[in-house]
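Add 2 to the 1-based position in the sequence shown for my numbering, that's all there is to it. Before any comments, here is the structure.
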Amino acid sequence: MTGKHRRETESMANQKLQQWVDEVSACTGADSVYWCDGSEEEIERLNQMMVEDGTLVRLDPEKHPNSFYARSDVNDVARVEDRTFICAATLDDAGPTNNWMAPDQMHAVIDPLFEGCMQGRTMYVIPYLMGPPGSPMAKVGIEITDSPYVVANMRIMTRMGQVALDELGDEGDFGKGLHSTGNLDPEQRYICHFPDENLIMSFSSNYGGNALLGKKCFALRLASVLANREGWLAEHMLILGLTDPEGNKTYVAAAFPSACGKTNLAMLVPPESFTAAGWRVETIGDDIAWLKFGDDGRLYAINPEFGFFGVAPGTSQETNPNALASCRANTLFTNVALLPDNTIWWEGLGDPPPEATDWKGNPWTPESDIPAAHPNSRFTAPAEQCPCISPDWESPQGVPISAIVFGGRRTSTTPLVYQARSWQHGTYVGATMTSEKTAAAVGGLGELRHDPMAMLPFCGYHMADYWQHWLDVGETGGEKMPTVFHVNWFRRDAEGNWLWPGFGENMRVLKWIVDRAAGGGDAVDSPIGWLPTPEAVGFEELGLADEVAATLLDVDIGEWLAEVRERGEYLAGFGEKLPEAIASENDALLQRLELSGQDKDQE
Ligand code: GTP
Ligand code: SPV
Ligand code: MN
Numbered sequence: 003m004t005g006k007h008r009r010e011t012e013s014m015a016n017q018k019l020q021q022w023v024d025e026v027s028a029c030t031g032a033d034s035v036y037w038c039d040g041s042e043e044e045i046e047r048l049n050q051m052m053v054e055d056g057t058l059v060r061l062d063p064e065k066h067p068n069s070f071y072a073r074s075d076v077n078d079v080a081r082v083e084d085r086t087f088i089c090a091a092t093l094d095d096a097g098p099t100n101n102w103m104a105p106d107q108m109h110a111v112i113d114p115l116f117e118g119c120m121q122g123r124t125m126y127v128i129p130y131l132m133g134p135p136g137s138p139m140a141k142v143g144i145e146i147t148d149s150p151y152v153v154a155n156m157r158i159m160t161r162m163g164q165v166a167l168d169e170l171g172d173e174g175d176f177g178k179g180l181h182s183t184g185n186l187d188p189e190q191r192y193i194c195h196f197p198d199e200n201l202i203m204s205f206s207s208n209y210g211g212n213a214l215l216g217k218k219c220f221a222l223r224l225a226s227v228l229a230n231r232e233g234w235l236a237e238h239m240l241i242l243g244l245t246d247p248e249g250n251k252t253y254v255a256a257a258f259p260s261a262c263g264k265t266n267l268a269m270l271v272p273p274e275s276f277t278a279a280g281w282r283v284e285t286i287g288d289d290i291a292w293l294k295f296g297d298d299g300r301l302y303a304i305n306p307e308f309g310f311f312g313v314a315p316g317t318s319q320e321t322n323p324n325a326l327a328s329c330r331a332n333t334l335f336t337n338v339a340l341l342p343d344n345t346i347w348w349e350g351l352g353d354p355p356p357e358a359t360d361w362k363g364n365p366w367t368p369e370s371d372i373p374a375a376h377p378n379s380r381f382t383a384p385a386e387q388c389p390c391i392s393p394d395w396e397s398p399q400g401v402p403i404s405a406i407v408f409g410g411r412r413t414s415t416t417p418l419v420y421q422a423r424s425w426q427h428g429t430y431v432g433a434t435m436t437s438e439k440t441a442a443a444v445g446g447l448g449e450l451r452h453d454p455m456a457m458l459p460f461c462g463y464h465m466a467d468y469w470q471h472w473l474d475v476g477e478t479g480g481e482k483m484p485t486v487f488h489v490n491w492f493r494r495d496a497e498g499n500w501l502w503p504g505f506g507e508n509m510r511v512l513k514w515i516v517d518r519a520a521g522g523g524d525a526v527d528s529p530i531g532w533l534p535t536p537e538a539v540g541f542e543e544l545g546l547a548d549e550v551a552a553t554l555l556d557v558d559i560g561e562w563l564a565e566v567r568e569r570g571e572y573l574a575g576f577g578e579k580l581p582e583a584i585a586s587e588n589d590a591l592l593q594r595l596e597l598s599g600q601d602k603d604q605e
């Protein structure tokens, strides 16, 4: 490393960037400033340095070439929603679903934490690009961090280094992200967004969504504010491409809350009968989509990311072989279990090993009554290593989206799949989504909560304005808007067993979605929307028990009446900003359910 202000000796022409780096370096008191170029040589050096200081363990080079293992602080394993702030100018700009503090007030809290916080440390400057190079939708961000672990993750998750500086140019603007590990004290942990300064400040956490600032902080929270101003969408969505036996390609985007199946659906392996018939699934992205109208008036999506930050537990050769192949090499594993031969294991991967070191660094055996891997342990892997990565995944224009799918983790009530009647109804379906909380965020595991469009933790402005934006985008797109659906892979029986096999079998639902989006597919009307016939989702081939099949596609009027009344209360909480269209969709659904209930009573 060439020491302080290395860039000054080169042609760093972007004065705004140089000035910001100088300011941060003076404030944080970093020992040295290092500009990341994203090269192989650089990352090898950083990884080796982290192996030597104990931050990383090098995994078996045969089984996991160029791959590393890390354990986090035990108190730093997930996103912290109660310490995440949207510091918009007014409380009303941030809205009732975000934590808000006035920008001045938050600066008074968080700026002092950064003063001198990098003394004795190297300050890394990470130029990164969100989106394919040359894409009109791509955006440059700069993350400054004192964590080489963050650098290593960012190098996998984003296009880092010269490629970003080239896109930035001499005059270009960039999203600013300032991160410090601090002392990892949860009491000093703050994840703050200043939309009017295009600035993120993150202190005292090294966990993915809190520290890899290009991801949720920039590509969703700040980008959603921009998208609202500029007429596009920044969404918590996977993007996949489906090819039918005739060779027709259809692209689908799907919004599920954290740890509710995006990575798995994005790289699904279809059942044998589908593959034999010529169906193919390809991945464009597994977590974030930026959607913008193309010249033909359709919505096109890009994946702004370059890697996957995937949930490890539950990933196996049976459930998601493409994810396993993606993280075989060049991967960073965090908080999984480490085996004596320097390989890794997690719950759901396969037979438990006789002995392991758990994610906390303690000895573990199958008799231990705690998991060896943290439920939110993750792999950070290059997207291009995915065997089913789409040839279009770096298309600068993005891919045209035919269907948008919402989904949540619901033990009961919500059927396997249904189709919304219109864009407006679909917006309502997204706005009223609920899902059981997962280990991806701290607190309330399993609790049912509203998570509109899977964006509750990620929308950078007033949620009701966001819904209005969806309605407005629908007005612009008109007939060319994608068809909207809702799915639920997570229904359980009274004993807690999954009713639906999920994973690859979700292809049956995807096929129906693609057929319906193209104007085909068999469906029956119901108060909540269009439901597939059992044949249309291939139930007979699966050999499901009759009552299971019936439950999966059932709309229980009593349960739904309760659901929709609760939704009414939830929506009313948004007051004057609640779009009339959303309120009226809820009223109309309530009426349809009441009518249907009366019909049933008369039968
Ligand atoms: P984030 O990265 O947090 O945004 O999560 P995600 O939405 O990408 O979720 P992911 O695909 O990683 O799945 C989360 C967990 O749900 C994993 O343990 C999966 O094994 C499990 N899962 C995914 N799809 C299915 C499914 O169809 N059925 C069941 N039962 N579990 C699933
Ligand atoms: C999520 O929690 O939705 C994730 C992981 O995708 S993180 O990047 O930490 O947000
Ligand atoms: Mn996510």
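Just so it is clear, CB atoms sit at the ideal spot from N, CA and C, and this is done for glycine as well. Remember, predicted model here, so these are calculated numbers, not experimental data.
*Own chain partners of Pro368 with C-beta closer than 6 angstroms, once the 5 adjacent residues on each side are dropped*: Pro354
*When you compare each of Pro398, Ile45 and Tyr209 to Pro134 by their alpha carbons, which one comes out closest?*
Pro398
*Taking 7 angstroms as the line, does the beta carbon of Asp289 fall inside it for any heavy atom of the ligand MN?*
yes
*asked:* Taking 8 angstroms as the limit between beta carbons, can you name the residues of its chain near Gly350, skipping five residues before and five after?
replied: Pro315, Gly316, Thr317, Ser318 and Thr321
*Alpha carbon to alpha carbon, what distance is there between Ala585 and Leu167?*
46 angstroms
*Indicate the three-state DSSP secondary structure (helix, strand or coil) for Glu10 in the structure shown.*
Interpretation of Glu10 is limited by its pLDDT of 45, a score under 50 that renders its predicted location unreliable; no figure is taken from the coordinates.
_Straight-line Cα distance separating Val557 from Tyr302_ = 33 angstroms
*Ser260: CB within 7 angstroms of a non-hydrogen atom of the ligand PLP*: Inclusion of the ligand PLP in the displayed structure is not the case, the ligand content consisting of the ligand GTP, the ligand SPV and the ligand MN alone.
*Could you tell me which residues DSSP pairs with Phe87 in its beta bridges?*
Asn101 and Cys194
*For Pro378, collect the residues of the same chain with a Cβ closer than 6 angstroms to its Cβ; drop the 5 residues on either side in sequence, then sort them by chain order.*
The sequence shown places Asn at residue 378, rather than the Pro named in the question. Correct list, in chain order: Val79, Ala80, Ala441 and Ala442.
*Alpha-carbon to alpha-carbon, Asp55 and Thr265*: 32 angstroms
*asked:* Let me check one thing: in DSSP terms, what residues is Lys1 bridge-paired to?
replied: Here the chain comprises residues numbered 3 to 605, so residue 1 is not present and cannot be evaluated.
*Quick one: give me the first and last residue of the beta strand (DSSP E) that Gln421 is part of.*
Val419 to Gln421
*Assign Thr535 to buried or exposed, taking buried as 16 or more other Cβ atoms, counted over all protein chains shown, within 10 Å of its Cβ.*
By the neighbour-count definition (other C-beta atoms within 10 Å, threshold 16), Thr535 is an exposed residue.
*For the ligand MN, any of its heavy atoms closer than 7 angstroms to the Cβ of His109?*
Taking non-hydrogen atoms of the ligand MN into account, the C-beta of His109 is found less than 7 angstroms away from none of them.
*Hey, would you say the C-beta of Phe381 is under 7 angstroms away from at least one heavy atom of the ligand SPV?*
no
*Selected residue, minimal CA-CA separation from Val153, among Asp517, Cys461, Gly352 and Leu334*: Leu334
*Runs of alpha helix (DSSP H) wholly within the segment 396-445 (minimum 4 residues, chain order)*: 425-433
*Starting from Thr245, trace the beta strand (DSSP E) both ways and give me its first and last residue.*
Leu240 to Thr245
*Could you give the DSSP three-state label for Trp22: helix, strand or coil?*
Looking at Trp22 - three-state DSSP - the assignment turns out to be helix.
_Taking DSSP's pairing of strands, which residues face Ser318 in a bridge?_
Checking the DSSP bridge columns, you'll see Ser318 has no partner listed.
*So does Pro315 have its beta carbon nearer than 7 angstroms to some heavy atom of the ligand GTP?*
yes
*Buried or exposed (CB count within 10 angstroms, at least 16 for buried), Phe220*: buried
*Which stretch, first to last residue, makes up the beta strand (DSSP E) that contains Lys294?*
Lys294 -> beta strand (DSSP E) spans Ala291 to Phe295.
_Per the DSSP calculation, Arg380 is bridged to which residue(s)?_
Val313 and Thr336
*Pairing CB atoms from the segment 516-529 with CB atoms from the segment 238-254, are three or more of them under 8 angstroms?*
yes
*Span of the alpha helix (DSSP H) around Thr265*: Lys264 to Ala268
*In chain order, each alpha helix (DSSP H) run of at least 4 residues that lies wholly inside the segment 23-91*: 42-54
*How is Arg494 classed by DSSP in three states: helix, strand or coil?*
In the three-state scheme derived from DSSP, where H, G and I count as helix and E and B as strand, Arg494 is classed as strand.
*Could you give the C-beta distance for Ala385 and Gly309, rounded to a whole number, given that I count them as a contact under 8 angstroms?*
Confirmed, Cβ separation roughly 5 angstroms.
*Among Val142, Gly143, Leu201 and Met125, the one whose alpha carbon lies nearest that of Phe87*: Distance check between Phe87 and each of Val142, Gly143, Leu201 and Met125 places Leu201 closest, using alpha-carbon atoms only.
*So is Ile372 buried or exposed if we call it buried at 16+ other beta carbons inside 10 Å?*
Burial call: exposed.
*Measuring CA to CA, which of Tyr130, Gln164, Thr429 and Val142 is closest to Asn588?*
Thr429
*According to DSSP, residues forming a beta bridge with Ala385*: In DSSP, Ala385 forms no bridge with anything.
*Can you find at least 3 beta carbon pairs, one from the segment 217-233 and one from the segment 416-433, that sit closer than 8 angstroms?*
The answer is no - the segment 416-433 does not touch the segment 217-233, with fewer than three Cβ pairs under 8 angstroms.
*Element boundaries [beta strand (DSSP E), containing Thr345]*: Element bounds for Thr345: n/a, residue is neither H nor E.
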